[in-house]
Amino acid sequence: MPARGRPNQRDGVLIALVASGLVTVSITGGWLLGQHQALKTQGSPEGSSERQIALLQARLGEGSASAADQQRLVDLLIQQGQAQEASLVLEHLADQQPQNWQLRLLLAELRRNSNDRPGAERELRQILNLKPDRIEALQLLTLLQLEQGRGAEAEAQLKTLLEASSKPTPQPQKLGLGLLLGDLRQRQGKTADALALYGQLAKDFPRDPRPLLAMALLKQDQGDLQGAGQALAQAQARQPEKKDPRLDRVAASWGLESLRDSKKAATTTKEPSPTEKKPQS
């Protein structure tokens, strides 16, 4: 297992940031499947769901189920914990709609959750064959490779894509690829490499707060609360017209001073000592 300071705490904060939209790329996995499972708490009573499943399965057997019917059936089957049945329907639906890559991504997540890692990787490769830098598919593929002890392979794959996205000038997709590679390096214990990458991304994308947020996460994981607070303040300063209270909540959850105070401390010049002050004329 990679050497990391406080993985449970750091992963919890990172997942919270992903959910809030502050950081959109990380090696967490299961985000699309989680959305479908979350529908269970908002849906119909169990008996009603079972009746709907039976009705939709009958339509499917008759060949009269629409694409919307099939997607609804997949949702209901996932809610009821019938992953294998959901996979069968979803595979057929994904073949019918090859342009809808989210269906195949969900299928990959289902296969991974069923411990069918080769099957999950096969689905992801189909997505990446059409768009090699599809970040959502790369996230799950990187997680799969890491789980199988193939971290070096995952890193090499991301480095190749990152280099390609840097020529002739940094392309928009470089940010997502870089954040994913940085997260992978953290999990491998390569914290210095991760910090260097976040710093480069911050230079390449001077208006985007996410590289600095990632840097703050890493510094907090290392116990550098002052450095984490400064990075968060710098992230906030990149969007002065959009005061985001979520950043303050993150700082508060870490026991840091408010970003307003930390930003002030980072930007205020040192007051001269009494002996340094010039006498008044």
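Basically the numbering used here = 1-based index in the sequence shown + 1106. Note that beta-carbon positions come from the ideal geometry of N, C-alpha and C, so glycine has one too.
Beta-carbon contacts of residue i that lie in its chain and below 6 Å, excluding the five residues immediately before and after
{"i": "Gly1333", "result": "Lys1325"}
{"i": "Gly1282", "result": "Val1131, Ile1241"}
{"i": "Glu1227", "result": "Leu1250"}
{"i": "Ala1341", "result": "Pro1315, Leu1318, Leu1319"}
{"i": "Gln1163", "result": "none"}
{"i": "Glu1191", "result": "Leu1183"}
Closest by C-alpha distance to residue i, when choosing among the options
{"i": "Leu1247", "options": "Leu1213, Gln1176, Lys1273", "result": "Leu1213"}
{"i": "Leu1230", "options": "Gly1255, Gln1251, Asp1310, Ala1243", "result": "Ala1243"}
{"i": "Leu1286", "options": "Leu1161, Thr1266, Arg1218", "result": "Thr1266"}
{"i": "Leu1182", "options": "Val1195, Ser1155, Gln1294", "result": "Ser1155"}
{"i": "Ile1159", "options": "Leu1301, Val1180, Ala1173, Gly1305", "result": "Val1180"}
{"i": "Leu1307", "options": "Gln1277, Gln1336, Gln1292, Arg1293", "result": "Gln1277"}
{"i": "Lys1296", "options": "Pro1315, Pro1317, Gly1257, Lys1273", "result": "Gly1257"}
{"i": "Gln1322", "options": "Leu1353, Glu1347, Pro1312, Arg1313", "result": "Before going on, a small fix: residue 1322 reads as Ala here, not Gln. Checked all of Leu1353, Glu1347, Pro1312, Arg1313; the closest Cα to Ala1322 is Leu1353."}
{"i": "Leu1250", "options": "Leu1216, Lys1237, Ser1271", "result": "Leu1216"}
{"i": "Ala1173", "options": "Val1195, Tyr1304, Asp1299", "result": "Val1195"}
{"i": "Gly1284", "options": "Glu1259, Ser1359, Gln1254, Asp1239", "result": "Asp1239"}
{"i": "His1255", "options": "Trp1207, Arg1223, Pro1274, Gln1185", "result": "The identity of residue 1255 in the sequence shown is Gly, whereas the question assumes His. Considering only alpha carbons, the answer is Arg1223."}
{"i": "Trp1207", "options": "Gln1185, Gly1225, Lys1237", "result": "Lys1237"}
{"i": "Leu1303", "options": "Gly1329, Ser1272, Asp1330, Leu1331", "result": "Ser1272"}
{"i": "Ser1359", "options": "Ala1341, Leu1331, Gln1340", "result": "Leu1331"}
{"i": "Gly1169", "options": "His1198, Gln1186, Gly1335", "result": "His1198"}
Cβ neighbour criterion (16 or more within 10 Å) applied to residue i
{"i": "Arg1157", "result": "exposed"}
{"i": "Lys1280", "result": "buried"}
{"i": "Asp1423", "result": "Not covered by the structure: residue 1423. The range shown for the chain is 1107 to 1387."}
{"i": "Leu1161", "result": "exposed"}
{"i": "Ser1193", "result": "buried"}
{"i": "Ala1171", "result": "buried"}
{"i": "Leu1290", "result": "buried"}
{"i": "Arg1293", "result": "buried"}
{"i": "Gly1260", "result": "Note that residue 1260 is Ala in the sequence shown, not Gly. Counting Cβ neighbours within 10 Å, Ala1260 comes out buried, since at least 16 surround it."}
{"i": "Gly1187", "result": "exposed"}
{"i": "Gly1335", "result": "buried"}
Beta-carbon contacts of residue i that lie in its chain and below 7 Å, excluding the five residues immediately before and after
{"i": "Arg1210", "result": "Ala1200, Glu1229, Gln1232, Ile1233"}
{"i": "Asp1310", "result": "Pro1276, Lys1280"}
Cβ pair residue i, residue j closer than 8 Å
{"i": "Leu1264", "j": "Ile1133", "result": "no"}
{"i": "Ala1189", "j": "Asn1235", "result": "no"}
{"i": "Gln1345", "j": "Pro1312", "result": "no"}
{"i": "Ala1300", "j": "Gly1288", "result": "yes"}
{"i": "Leu1166", "j": "Gln1176", "result": "yes"}
Heavy atom of the ligand HEM within 7 Å of residue i beta-carbon
{"i": "Met1321", "result": "The ligand HEM is absent from the structure shown, which contains no ligand whatsoever."}
Cβ neighbours of residue i in the same chain (closer than 8 Å, five flanking residues each side left out)
{"i": "Gly1305", "result": "Pro1317, Met1321"}
{"i": "Leu1268", "result": "Lys1280, Leu1283, Gly1284, Leu1287"}
{"i": "Gln1074", "result": "In this structure the chain extends from 1107 to 1387, so residue 1074 is not present and cannot be described."}
Residue i at chain C interface by Cβ criterion, 8 Å
{"i": "Glu1168", "result": "The chain labelled as chain C is not found in the depicted structure, where only one protein chain is given."}
What are the uninterrupted segments assigned as alpha helix (DSSP H) that are 4 or more residues long and contained completely in the stretch 1244 to 1306, given in chain order? 1257 to 1270, 1279 to 1293
Would you list, in sequence order, the uninterrupted alpha helix (DSSP H) runs of no fewer than 4 residues that lie entirely inside the stretch 1176 to 1202? 1189 to 1202
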